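**Student:**
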Amino acid sequence: MSNSITHDNVTHDNVSSSVTNLAYLAVAVLSGGLFGAGLYISQMIDPLKVLRFLDFGAISQNGWDPSLALVIIGAIAVMMVSVLLTKSRSAPLFDKQFHLPALKQIDRPLIIGAVLFGIGWGMSGICPGPAITLVAFMPENLLIFLGLMFLGSFLGTYVQKWFANGDAIA
Amino acid sequence: MEYFTPVSSLIGGLMIGLASAILWVGNGRIAGISGIFGQILPPPKNPAKNSPNPIMWRVLFLVSMIIGGFIASVLLPNIGVGGFGGDAVQLIGNPLWIASAGLLVGLGTKIGNGCTSGHGVSGLARFSLRSLVAVLVFFATAAIIVAVTGIV
Chain A
346 MSNSITHDNV
356 THDNVSSSVT
366 NLAYLAVAVL
376 SGGLFGAGLY
386 ISQMIDPLKV
396 LRFLDFGAIS
406 QNGWDPSLAL
416 VIIGAIAVMM
426 VSVLLTKSRS
436 APLFDKQFHL
446 PALKQIDRPL
456 IIGAVLFGIG
466 WGMSGICPGP
476 AITLVAFMPE
486 NLLIFLGLMF
496 LGSFLGTYVQ
506 KWFANGDAIA
Chain B
7 MEYFTPVSSL
17 IGGLMIGLAS
27 AILWVGNGRI
37 AGISGIFGQI
47 LPPPKNPAKN
57 SPNPIMWRVL
67 FLVSMIIGGF
77 IASVLLPNIG
87 VGGFGGDAVQ
97 LIGNPLWIAS
107 AGLLVGLGTK
117 IGNGCTSGHG
127 VSGLARFSLR
137 SLVAVLVFFA
147 TAAIIVAVTG
157 IV
């Protein structure tokens, strides 16, 4: 074939990019699966267990549950190793760049958002990770929580824009 | 400390850390759950440059979170204090209370750009001051709500 060289090159590129693509998606599956399993094993999918951590008033009555602190410390420790290991690298294994949040400064949306999330978390004992993994167990009223959580996230996009416009004017 | 489960909670935490590390080293992405579903919800976001499968990886990640939790519950049906199993989990409060909490969790994590995983695990692990402030604020707020409502 007269165009065999060109043809081979194209085929080769397609194959290597689809292998990278497959690895990229496999990483997402592996990471998500481990994340969900970790949420179950740590029992963070149990709202009552989370609320028993947040109930600092129970420390004096010996009824406090410090478990969540170990979950966070264990998770941060492992993640910190990977952050330090990749410090000198310019790209992850299966993408061309690391995707870091663009925002750096401590601003009003950060504080207001954290307060609103804190209220919802304190009311329910459910944060976004457990909300998703709980689908495997479908406790009563979970779909109400999930539906409103997605609605809140959707509406939040417009609140963010409103904050951005306000800051631009000010 | 009758409810304290140091072994299962530490192991679960290490797994969550490993999951976050794999996504970072492999794909250069932060395992922040509110961010991951927030990016696939409408309105459509600008897909990041040079990033393969902006929607697909997020959908697969979220579905895998559900399957991962399910598989763990089959392998370890009784862990923790008093034989915890996934099917024993209940949401707290009436439907209106649950709906209000869900709305606040979705709204707050979107406006504040992160939740317990994105700010709490990945953010603190990469020494982000922004995340430290967010974590302190939402932990303190949640603790105040629990104290005020006497929900536990």
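Sequence lines, in order, name chains A and B.
Take the position in the first sequence, starting the count at 1, then add 345; the result is the number in the numbering used here.
Take the position in the second sequence, starting the count at 1, then add 6; the result is the number in the numbering used here.
Using N, Cα and C, we set each Cβ at its ideal position, and we do this for glycine too.
The model shown is predicted, which means the values in this text are computed figures rather than measured ones.
1) So the candidates are A:Ser427, A:Ile464 and A:Met483; which of them puts its Cα closest to the Cα of Val152 of chain B?
2) Grouping DSSP H, G and I as helix and E and B as strand, with all else coil, what is Phe90 of chain B?
3) Using a Cβ cut-off of 8 angstroms, which residues of the segment 425-437 of chain A contact any Cβ in chain B, in chain order?
4) Beta-carbon separation of Leu493 of chain A and Ala148 of chain B under 8 angstroms?
5) Taking 8 angstroms as the threshold (beta carbon to beta carbon), is Pro49 of chain B in contact with chain A?
6) Can you tell me whether Ile386 of chain A is helix, strand or coil according to DSSP?
7) Gly511 of chain A: which of A:Leu429, A:Leu500, A:Phe443 and A:Asp452 sits nearest, CA to CA?
8) Determine the contact status of Gln426 of chain A and Ser70 of chain B, defining contact as a CB-CB distance below 8 angstroms.
9) Which whole-angstrom value describes the C-beta separation of Phe43 of chain B and Ser376 of chain A, a residue pair presumed to lie in contact below a C-beta threshold of 8 angstroms?
10) Excluding sequence positions up to five away, which residues of its chain have a Cβ less than 8 angstroms from the Cβ of Gly114 of chain B?
11) Taking the straight line between their C-alpha atoms, what separation do you get for Ser116 of chain B and Leu102 of chain B?
12) Helix, strand or coil for Ile22 of chain B, going by three-state DSSP, please let me know.
13) Per DSSP, Ile421 of chain A is paired with what?
14) Could you tell me which chain A residues have their CB closer than 7 angstroms to the CB of Ile77 of chain B, listed as they occur along the chain?
15) Give me whichever residues DSSP pairs with Ile85 of chain B in a beta bridge.
16) What span of residues does the alpha helix (DSSP H) with Arg453 of chain A cover, start to end?
17) Would you tell me roughly how many angstroms separate the C-alpha atoms of Tyr385 of chain A and His125 of chain B, rounded to the nearest one?
18) Using alpha carbons as the reference points, say which of A:Leu488, A:Leu496, A:Gly474 and A:Val423 lies closest to Gly75 of chain B.
19) State the CB to CB distance for the pair Ala436 of chain A and Ala78 of chain B, rounded to an integer number of angstroms; the pair is presumed to be in contact (CB under 8 angstroms).
20) Just how far apart, CA to CA, sit Lys449 of chain A and Ala459 of chain A?
21) How far does the alpha helix (DSSP H) with Pro392 of chain A in it extend, from its first residue to its last?
22) What is the rounded straight-line gap between the Cα of Thr478 of chain A and the Cα of Phe462 of chain A?
23) Distance cutoff 8 angstroms, beta carbons only. Does Ser387 of chain A sit that close to anything in chain B?
24) Could you tell me if Asn33 of chain B is buried or exposed, where buried requires 16 or more neighbouring beta carbons within 10 angstroms of its beta carbon?
25) Should Val139 of chain B and Leu455 of chain A be called a contact, given that it needs their Cβ atoms to be closer than 8 angstroms?
26) Hey, how far is the Cα of Ile72 of chain B from the Cα of Ala25 of chain B?
27) To the nearest angstrom, how far is it from the Cα of Arg132 of chain B to the Cα of Leu66 of chain B?
28) At what residues does the alpha helix (DSSP H) containing Phe144 of chain B begin and finish?
29) Going by C-alpha distance, which of A:Lys506, A:Ala509 and A:Thr502 is nearest Pro49 of chain B?
**Tutor:** The answer reads as follows:
1) By 1-based counting over the second sequence, the position of residue 152 of chain B is 146. The option with the nearest alpha carbon to Val152 of chain B is A:Ile464.
2) The residue you call residue 90 of chain B lines up with position 84 of the second sequence. It is a strand residue.
3) Going along the segment 425-437 of chain A in chain order, one finds Met425, Val426, Ser427, Val428, Leu430, Thr431, Ala436 and Pro437 with a Cβ nearer than 8 angstroms to chain B.
4) Within the first sequence, the letter at position 148 stands for residue 493 of chain A. Within the second sequence, the letter at position 142 stands for residue 148 of chain B. No, the Cβ-Cβ distance between Leu493 of chain A and Ala148 of chain B is not below 8 angstroms.
5) As a position in the second sequence, residue 49 of chain B is number 43, starting the count at 1. So yes, Pro49 of chain B belongs to the interface.
6) Numbered from its first residue, the first sequence carries residue 386 of chain A at position 41. In the structure shown, Ile386 of chain A falls within a helical segment according to DSSP collapsed to helix, strand and coil.
7) Taking the first sequence and counting its residues from 1, one reaches residue 511 of chain A at position 166. Minimum Cα distance to Gly511 of chain A is reached at A:Asp452.
8) To locate residue 426 of chain A, count along the first sequence from 1; it is residue 81. To locate residue 70 of chain B, count along the second sequence from 1; it is residue 64. According to the sequence displayed, residue 426 of chain A carries Val and not Gln. It is not a contact, given that the beta carbons lie outside the stated cut-off.
9) To locate residue 43 of chain B, count along the second sequence from 1; it is residue 37. To locate residue 376 of chain A, count along the first sequence from 1; it is residue 31. Actually they do not touch by this definition, with Cβ atoms about 15 angstroms apart.
10) Locating residue 114 of chain B in the second sequence gives position 108, where the first residue counts as 1. Taken in chain order, the residues that qualify are Phe144.
11) Counting from 1 along the second sequence, the entry for residue 116 of chain B is found at position 110. Counting from 1 along the second sequence, the entry for residue 102 of chain B is found at position 96. The sequence shown places Lys at residue 116 of chain B, rather than the Ser named in the question. Distance between the alpha carbons of Lys116 of chain B and Leu102 of chain B: 21 angstroms.
12) Stepping through the second sequence from its first residue, residue 22 of chain B is reached at position 16. Helix.
13) Counted from its first residue, the first sequence places residue 421 of chain A at position 76. None, per the DSSP bridge assignment.
14) Here residue 77 of chain B corresponds to residue number 71 of the second sequence, with the count starting at 1. Near Ile77 of chain B (Cβ distances below 7 angstroms), the residues of chain A are Ala382.
15) Position 79 of the second sequence, counted from the start, is the residue given in the question as residue 85 of chain B. DSSP, once it has assigned bridges, lists B:Phe90 as partnering Ile85 of chain B.
16) Working through the first sequence from its first residue, we reach residue 453 of chain A at position 108. Residues Arg453 to Ser469.
17) Working through the first sequence from its first residue, we reach residue 385 of chain A at position 40. Working through the second sequence from its first residue, we reach residue 125 of chain B at position 119. Rounded to the nearest angstrom, the two C-alpha atoms are 20 angstroms apart.
18) Residue 75 of chain B sits at position 69 when you count from the first residue of the second sequence. Comparing C-alpha distances from Gly75 of chain B to each of A:Leu488, A:Leu496, A:Gly474 and A:Val423 shows the shortest one belongs to A:Gly474.
19) Taking the first residue of the first sequence as position 1, residue 436 of chain A is located at position 91. Taking the first residue of the second sequence as position 1, residue 78 of chain B is located at position 72. Ala436 of chain A to Ala78 of chain B, Cβ: 32 angstroms. No contact.
20) For this step, residue 449 of chain A is matched to residue 104 along the first sequence. For this step, residue 459 of chain A is matched to residue 114 along the first sequence. Taking the straight line from one Cα to the other gives about 15 angstroms.
21) Numbered from 1 along the first sequence, position 47 holds the residue referred to as residue 392 of chain A. Segment Pro392 to Leu399, the alpha helix (DSSP H) holding Pro392 of chain A.
22) Taking the first sequence and counting its residues from 1, one reaches residue 478 of chain A at position 133. Taking the first sequence and counting its residues from 1, one reaches residue 462 of chain A at position 117. In this structure, the straight-line span from the alpha carbon of Thr478 of chain A to that of Phe462 of chain A is close to 18 angstroms.
23) Along the first sequence, read from residue 1 onward, the residue named residue 387 of chain A stands at position 42. Residue contact check for Ser387 of chain A against chain B: a CB pair falls below 8 angstroms.
24) Working through the second sequence from its first residue, we reach residue 33 of chain B at position 27. Buried.
25) The residue given as residue 139 of chain B occupies position 133 in the second sequence. The residue given as residue 455 of chain A occupies position 110 in the first sequence. A contact, by the Cβ cut-off of 8 angstroms.
26) For this step, residue 72 of chain B is matched to residue 66 along the second sequence. For this step, residue 25 of chain B is matched to residue 19 along the second sequence. The straight-line gap from Cα to Cα measures roughly 14 angstroms.
27) Looking up residue 132 of chain B in the second sequence gives position 126. Looking up residue 66 of chain B in the second sequence gives position 60. Each residue's alpha carbon lies about 25 angstroms from the other.
28) On the second sequence, position 138 is the one that residue 144 of chain B refers to. Unbroken alpha helix (DSSP H) run through Phe144 of chain B: Leu135 to Thr155.
29) For the purposes of this step, residue 49 of chain B is taken as the residue at position 43 of the second sequence. Nearest of A:Lys506, A:Ala509 and A:Thr502 to Pro49 of chain B, Cα basis: A:Thr502.
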